[in-house]
Amino acid sequence: MNDLARYERRRRIMYGWMLLSPALILLSLFAFIPSAMTFWSSLFSRGTRRNPSEFVGAGNYDLLFADPTFAKVVVNNLIYAGVTIPVSIIIALAMALWANSKIPARGFVRTAYFTPTILPMIAAANIWLFFYTPGLGVLDQIGALFGFASVNWLGRPETALWAVIIVTIWKEAGFFMIFYLAALQTIPPDLKEAADIEGASRWTYTRRIVLPLLMPTTIFVAVNALINSVKLIDHLFILTKGGPSDASKLVLYYIWELAFSYFDRPQAAALTVMVLAVLGVTAAIKFIILDRRTHYQ
Amino acid sequence: MSDALKSGQAPLYVMAPKRSFRPRLTLALDTFAAWTLAIVWIAPLLFAVWAAFHSTSDAVNFNLAGAWTLDNFRTAWDGAPWMRYFFNTFLLVSVVLAGQLVVTTLAGYAFAQFQFPGRDVLFIIVLLQLFILPEVLIVENYAMVSRLGMFDTVFGIGTPYWASAFGIFLMRQAFKSVPKELDEAARIEGCSWFGVLWRVYVPSAKPTYLAYALVSVSTHWNNFLWPLIVTNSETTRPLTVGLSLFGAPESGVNISVISAATIMSIAPLLIAFLLFQRQFVQAFLRAGIK
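From first to last, the protein sequence lines stand for chains A and B. Under this note's numbering, the residue at position 232 of the first sequence is numbered 254, and the numbers go up by one with no gaps. Under this note's numbering, the residue at position 188 of the second sequence is numbered 254, and the numbers go up by one with no gaps.
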């Protein structure tokens, strides 16, 4: 009997590993080994025919810190994240509250909010290109009605990044709305009744009951928005290509440019390592601190 | 208090008349604000649709009386091998989804129902991939895909996404909610571990599969950066990459034609979404994705 139990236990261990092996092999091939290789190659200089690649330690990082484009790109990405994350969350929350309330034509409202989400970023960028084109674009035409001068939204350093930010918010707010909508539907109606009985205003009800109950969703959405602020760069390829003079260039776009336009793989690797470090810290904060307070099991 | 409500006693406070006007006012304000935002949100897309069916001069001059035309679609269609791109994208999302379903089901099952040493550490390692984005590792993944001889193939684009941490997490959650008794009953009936998985767990996780499939298909239909990097020929290039090449300023096509091409390439997904919108949202809600 004891032998049988031990055999059964060993069999389950074996099955467990067997079931996991495809995932582990794939994750190793396309996540863990490339991460390690990125770190490794960031320590070597760029090889040319005359100078073979050699170990330079932190040399690539020093070069990066001395590179004005790097500083520009980091600041841009901080602005990009700092604006898109809170604004998308607030809009998504408003959308969810409205899409969940008893307004007429609620179906249309929901669809309108959500539709941009299912478009490719490239398509969204093409659509917005029409809005931003100087002179002919929709924004300028509307501006002209009010007597404003034509603005080259994508071609001016002061506005290019903002034009990119608006497209991102337009694209992701509806997606986050879905998660809020799901969470709102789990709030028991008794709470609203109780709040009404107590004579609480709608604002008080929202602030004291709804928002705290939505906290786990907000954390989930915020983490996703943060990840998006690193990876949502497709529209740059259409709208600005990072220009003018790097005004709208974001970190991942710069990595792409370093690796595939300038063929400077070591620099790209060093920058990738920094992004991975930031994402790693985010992951640690999420798993160690935030998940203690939410419920996953 | 809710007991009093349920037992049907007419509560006094409902009679208070002061609330008769204000709810209607707030509803009107809510409706106005919600509709305004909805119109603002959908306007760019509607405008692109409208522009795609009008000549460029009508489109840029907002000539609402302008004649409707299909010329832009004809020009766009002749300008690039769209049939091929559609086929490539269709193949790509199928390959990605099929691989993901197999890998995430097996891994999710292992994490949910098998006890073995190191499991929890492994799970955290898998979750790490939520943050090690494939998009960020473009340089080394490109090298890896080339090394494996998969450059410019549909598997080169797709395989890096098979072991999706998000999918594994979702499947684990779904499988955890299956009652142990069902599992044991199936085993007593003589089912193998695979039989239990196939007959008990997979059917019970249908909403999760549906939600995950929808998310996966729309993600990979829309994916751009990675396919841009690992493809360099017409025979593998998906729609998004084709569309970006078509719309590049160097190719000198005008805004109406770009709109037509854009509408054309988003149409299948958009129509599917509008038709299955309810299921889409329901799947999300039922899968309990937080």
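All residues carry an ideal CB built from backbone N, CA and C; glycine is no exception.
Check, Outcome
"Neighbouring residues, chain B, relative to A/MET143 (Cβ below 7 Å)", "ASN288, PHE290"
"Beta-carbon gap between A/SER322 and A/VAL78 smaller than 8 Å", "Here chain A has residues from 23 to 319 only, and residue 322 of chain A is not among them."
"The ligand FMN heavy atom lying under 7 Å from the CB of B/ASN207", "By its list of ligands, the structure shown contains no ligand whatsoever, and the ligand FMN lies outside what it can speak to."
"Inter-residue Cα distance where the pair is B/ALA251 and A/TRP192", "50 Å"
"Coarse secondary structure for A/PHE66, derived from DSSP in three states", "strand"
"Sequence-distant residues of the same chain with beta carbon closer than 6 Å to B/VAL161, five excluded per side", "VAL220, GLY224"
"Beta carbon of A/TYR102 nearer than 8 Å to that of A/LEU272", "yes"
"Residues that A/PHE77 bridges to, as DSSP identifies them", "A/PHE66"
"Closest Cα partner of A/GLY104 within the set A/SER251, A/ILE144, A/PHE152, A/LEU236", "A/SER251"
"Test: A/THR304 CB closer than 8 Å to a CB of chain B", "yes"
"Element boundaries [alpha helix (DSSP H), containing B/GLN254]", "The sequence shown places Ile at residue 254 of chain B, rather than the Gln named in the question. First-last of the alpha helix (DSSP H) with B/ILE254: 246 to 254."
"Range of the contiguous alpha helix (DSSP H) that encloses B/GLN166", "148 to 179"
"Beta carbon proximity, A/GLN163 to chain B, threshold 8 Å", "yes"
"Members of the region 111 to 139 of chain A that neighbour chain B once the beta carbon cut-off is set at 9 Å", "ILE113, ALA116, MET117, LEU119, TRP120, ALA121, SER123, LYS124, ILE125, PRO126, ALA127, ARG128, GLY129, PHE130, VAL131, ARG132, THR133, ALA134, TYR135, PHE136, THR137, PRO138, THR139"
"Element boundaries [alpha helix (DSSP H), containing A/LYS263]", "Neither: A/LYS263 is in no alpha helix (DSSP H) and is coded neither H nor E."
"Length of the line joining the Cα atoms of A/LEU274 and A/PHE282", "12 Å"
"Residue ranges of each alpha helix (DSSP H) within the region 278 to 343 of chain B, 4 or longer", "291 to 296, 305 to 313, 321 to 341"
"A/GLU305, buried or exposed, once every other Cβ within 10 Å from all chains shown has been counted against 16", "For the sequence presented, residue 305 of chain A should be read as Ala rather than Glu. Its Cβ being crowded by 16 or more others within 10 Å, A/ALA305 is buried."
"4 or more residues per run - each alpha helix (DSSP H) lying fully within the region 116 to 177 of chain A", "128 to 136, 143 to 154, 160 to 167"
"Alpha carbon of B/CYS257 to alpha carbon of B/THR170, nearest angstrom", "21 Å"
"Within-8 Å CB hit, A/THR294 to chain B", "yes"
"Uninterrupted beta strand (DSSP E) stretches inside the region 229 to 288 of chain A (no shorter than 3 residues)", "none"
"Euclidean distance between Cα positions of B/ALA70 and A/ARG224", "Model confidence at B/ALA70 stands at a pLDDT of 44, short of 50, so the residue's coordinates are unreliable and nothing is read from them."
"Integer Cβ distance of B/THR97 from A/ILE125, believed to fall under 8 Å", "4 Å"
"A/PHE107, DSSP secondary structure in three states", "The identity of residue 107 of chain A in the sequence shown is Ile, whereas the question assumes Phe. Of the three classes helix, strand and coil, the one that applies to A/ILE107 here is helix, per DSSP."
"Helix, strand or coil at A/PHE309 [DSSP, three-state]", "helix"
"Burial state of A/LEU115, where buried means 16 or more other Cβ atoms lie within 10 Å", "buried"
"Where the alpha helix (DSSP H) through A/SER223 begins and ends", "Element bounds for A/SER223: n/a, residue is neither H nor E."
"Between the CA atoms of A/LEU235 and A/ALA205 - distance to the nearest angstrom", "8 Å"
"B/LEU163 beta carbon less than 8 Å from that of B/SER299", "no"
"B/GLY263 versus B/ILE108, B/LEU172, B/PRO245, B/TRP107, residue with shortest Cα-Cα distance", "Checking the sequence shown, residue 263 of chain B turns out to be Leu, not Gly. It is B/LEU172 whose Cα lies nearest to the Cα of B/LEU263."
"C-beta neighbour in chain A for B/ARG253, strict 8 Å", "no"
"Contact under 8 Å by Cβ, B/SER325 with B/ALA118", "yes"
"Interface positions of the region 96 to 123 of chain B facing chain A (Cβ-Cβ less than 8 Å), listed along the chain", "ASP96, THR97, ALA99, ALA100, TRP101, LEU103, ALA104, ILE105, TRP107, ILE108, PRO110, LEU111, PHE113, ALA114, ALA117"
"Reduced DSSP secondary structure (H/G/I, E/B, other) of A/VAL303", "helix"
"CB of B/PHE153 within 8 Å of CB of A/ILE35, strictly", "no"
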